[in-house]
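Chains as they are written, first to last, in my numbering: chain A, 7 to 279; chain B, 6 to 304.
What follows is the structure in structure tokens.
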């Protein structure tokens with residue numbers, strides 16, 4: 007290795023005296039997190055879209071004509087918003103949780119801990135990237151299923167509001183899981199014992215009115231139920247619960263989890279020892 | 006002038022383990038400072054406290070006058086850390102890694118300096134190479150470059166040459182010396198004590214979380230042992246009067262530890278008086294390694 011000293015550098019040019027752009031740290035971390043999933047889009051976008059299509063194929067074709075949950079809505083059409091929302095949620099969670107846990111495991115988390123990023127910037131960057139991936143995958147599922155199922159979109163703003171708020175909730179939950187988990191199996195436990203059961207029991211594949219009263223009651227305790235139900239309202243104008251109540255519950259979950267996560271980050275829990 | 010680093014009564018405990026015990030230290034701007042100690046002495050803990058990766062249990066630390074907790078943004082902007090572990094982000098190329106690192110410090114459009122750092126570390130041809138595809142030595146260079154992207158006035162190198170080949174080690178020191186000449190304060194931890202001896206103007210030695218020696222390298226070398234004398238004698242015996250000086254019995258001779266060079270004359274006189282002929286004699290300076298061992302054994 008040869009050093010080439012013909013170029014000059016020196017402390018006289020030290021940018022300690024320069025003016026760092028406000029928010030540049032946040033935008034850079036968000037950009038990095040976005041690129042992180044975009045660069046492996048076959049795994050992070052195409053694979054979940056394909057999984058959702060397989061669910062559609064299996065459930066829609068096996069139950070077609072036998073089930074009509076909302077009057078005038080074909081089961082295949084009923085299923086699509088649920089599958090899209092399930093993909094949004096799972097991918098928002100996967101993005102923030104796997105990025106943080108992998109960075110901790112490999113040690114490269116120090117690249118974002120050494121710079122002068124505030125814990126709020128750190129939180130916002132990971133959260134927005136998670137929301138971004140959730141929405142990209144959700145849009146992918148929606149567009150891919152349009153080839154197979156004719157859909158209506160009665161209240162697009164409701165659909166968008168629920169998609170954003172719900173991916174936010176799971177994005178924050180992913181940050182908590184990523185901070186907490188030191189090993190792959192700890193993160194898997196979050197995914198397999200919390201996110202997956204809550205998602206599958208949220209009415210993705212059915213209406214809770216078709217459940218026995220006890221399960222209906224339990225479903226009301228599951229915040230993901232309100233996410234799927236409200237998102238579906240955006241498509242068909244029909245839902246099991248009022249979308250206003252649903253949005254209030256989802257937003258409340260988001261703010262409660264966000265405050266908790268910000269407190270964790272501020273305390274340096276498992277990040278700054 | 007504001008000191009580059011000020012550490013005041015800093016302690017750090019992990020449960021019952023006291024990793025740092027009321028350490029106080031001031032490093033002036035422009036110094037090339039060595040932080041030495043055996044594994045577990047607290048060197049990396051101290052560095053991590055300065056970098057904000059670890060929070061001190063008590064005490065205060067400042068970088069360029071900025072408290073590392075209360076004014077962490079300014080303190081971190083003033084500090085560049087080359088970590089001990091060979092860490093990298095496998096998703097990105099060398100240029101992306103450096104551009105992101107620069108952006109985290111609030112620097113946009115920093116390509117000119119990034120190009121210059123890559124140029125000096127001979128990374129230019131690898132700019133578009135994915136980090137995964139680099140050799141260990143190349144990854145180490147990228148770590149150095151990442152610590153320099155924001156041109157910090159204080160640079161901390163935590164065992165940067167561990168597992169690094171001779172060529173890179175020499176090139177790295179050449180570059181770091183240049184940075185020091187340009188006015189950057191350098192703090193180095195290393196297990197290669199000859200490196201510390203050659204590079205550092207001042208050295209602190211830590212053991213079990215405490216500073217057990219803090220002085221200029223020259224004073225440390227002078228302060229302790231005077232010199233060693235290696236002798237091959239005929240007949241092969243050491244007079245009893247010199248026995249207290251014996252440091253080591255060698256296969257073909259003796260190694261005597263002298264407090265002062267003046268004692269060499271007394272050794273020769275004693276040998277003559279005992280009619281012992283000196284067949285071979287070598288006077289040796291103690292190196293930092295010997296002093297390090299001596300201090301660690303005493304502490």
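Cβ atoms here follow ideal geometry from the backbone N, Cα and C, with glycine treated the same way. Every value quoted in this text rests on a predicted model; they were computed, and no experiment measured them.
Checking 9 Å against the spacing of the C-beta atoms, do residue i and residue j come in under that value?
| i | j | result |
| --- | --- | --- |
| residue 188(A) | residue 240(A) | no |
| residue 93(A) | residue 146(A) | yes |
| residue 56(B) | residue 119(A) | yes |
| residue 184(A) | residue 259(A) | no |
| residue 160(B) | residue 99(B) | no |
| residue 46(B) | residue 13(B) | no |
| residue 222(B) | residue 195(B) | no |
| residue 110(B) | residue 102(B) | no |
| residue 146(B) | residue 162(B) | no |
| residue 261(B) | residue 235(B) | yes |
| residue 69(B) | residue 152(B) | no |
| residue 154(B) | residue 122(B) | yes |
For residue i, collect the residues of the same chain with a Cβ closer than 6 Å to its Cβ; drop the 5 residues on either side in sequence, then sort them by chain order.
| i | result |
| --- | --- |
| residue 252(A) | 232, 235, 236 |
| residue 67(B) | 11 |
| residue 140(A) | 94, 97, 98, 173 |
| residue 10(A) | Reliability fails at residue 10(A), whose pLDDT of 37 lies under 50, so the model's placement of it is uncertain and the value that follows must be treated cautiously. Same-chain partners within the cutoff: there are none. |
| residue 133(B) | 98 |
| residue 63(B) | 16 |
If I'm right that residue i touches residue j with Cβ under 8 Å, what's the distance once you round it to whole angstroms?
| i | j | result |
| --- | --- | --- |
| residue 84(B) | residue 214(B) | Rounded, the Cβ-Cβ distance is 22 Å, inconsistent with contact. |
| residue 297(B) | residue 198(B) | 6 Å |
| residue 59(B) | residue 17(B) | 7 Å |
| residue 4(A) | residue 115(A) | In this structure chain A extends from 7 to 279, so residue 4(A) is not present and cannot be described. |
| residue 244(A) | residue 76(A) | 5 Å |
| residue 256(A) | residue 171(A) | 5 Å |
| residue 122(A) | residue 82(B) | 5 Å |
| residue 263(B) | residue 231(B) | 5 Å |
With a threshold of 9 Å between beta carbons, is residue i in contact with chain B?
| i | result |
| --- | --- |
| residue 1(A) | As shown, chain A starts at 7 and ends at 279. That puts residue 1(A) outside it, with no answer to give. |
| residue 103(A) | no |
| residue 47(A) | no |
| residue 112(A) | yes |
| residue 33(A) | yes |
| residue 276(A) | no |
| residue 259(A) | no |
| residue 116(A) | yes |
| residue 119(A) | yes |
| residue 53(A) | no |
Where does residue i fall in DSSP's three states?
| i | result |
| --- | --- |
| residue 287(B) | strand |
| residue 11(A) | Legend: pLDDT at residue 11(A) = 36, less than 50; position of this residue unreliable, no value from coordinates given. |
| residue 325(B) | Since the first residue shown for chain B is 6 and the last is 304, residue 325(B) is missing from the structure and cannot be characterised. |
| residue 210(B) | strand |
| residue 220(A) | helix |
| residue 27(B) | strand |
| residue 12(B) | strand |
| residue 193(B) | strand |
| residue 224(B) | helix |
| residue 177(B) | helix |
| residue 164(B) | coil |
| residue 105(B) | helix |
| residue 166(A) | helix |
| residue 185(B) | helix |
| residue 101(A) | helix |
| residue 213(A) | coil |
| residue 4(A) | A question about residue 4(A) goes unanswered here, because the residues of chain A that appear run from 7 up to 279. |
| residue 71(B) | strand |
With a threshold of 9 Å between beta-carbons, can residue i be considered close to chain A, or not?
| i | result |
| --- | --- |
| residue 106(B) | yes |
| residue 112(B) | yes |
| residue 330(B) | Here chain B covers residues 6 to 304 and nothing more, so residue 330(B) does not appear. |
| residue 88(B) | yes |
| residue 94(B) | yes |
| residue 102(B) | yes |
| residue 47(B) | no |
| residue 292(B) | no |
| residue 151(B) | yes |
| residue 60(B) | yes |
In its own chain, which residues sit with a C-beta less than 7 Å from the C-beta of residue i, not counting the 5 before and 5 after it?
| i | result |
| --- | --- |
| residue 157(A) | 83, 86, 241 |
| residue 142(B) | 169, 170, 173 |
| residue 279(B) | 244 |
| residue 143(A) | 51, 54, 55, 93, 94, 97 |
| residue 40(A) | 135, 138 |
Using a Cβ-Cβ cutoff of less than 8 Å, which residues in the same chain neighbour residue i once the five nearest sequence positions on both sides are dropped?
| i | result |
| --- | --- |
| residue 36(A) | 130, 131, 134, 135 |
| residue 216(B) | 28, 29, 30, 209, 210 |
| residue 1(A) | Past the edges of chain A, shown from 7 to 279, lies residue 1(A), and the structure says nothing about it. |
| residue 205(B) | 37, 38, 39, 193, 222 |
Taking 8 Å as the cut-off, is the C-beta of residue i nearer than that to any heavy atom in the ligand SAH?
| i | result |
| --- | --- |
| residue 157(A) | Among the components of this structure there are no ligands whatsoever, and the ligand SAH is therefore not found. |
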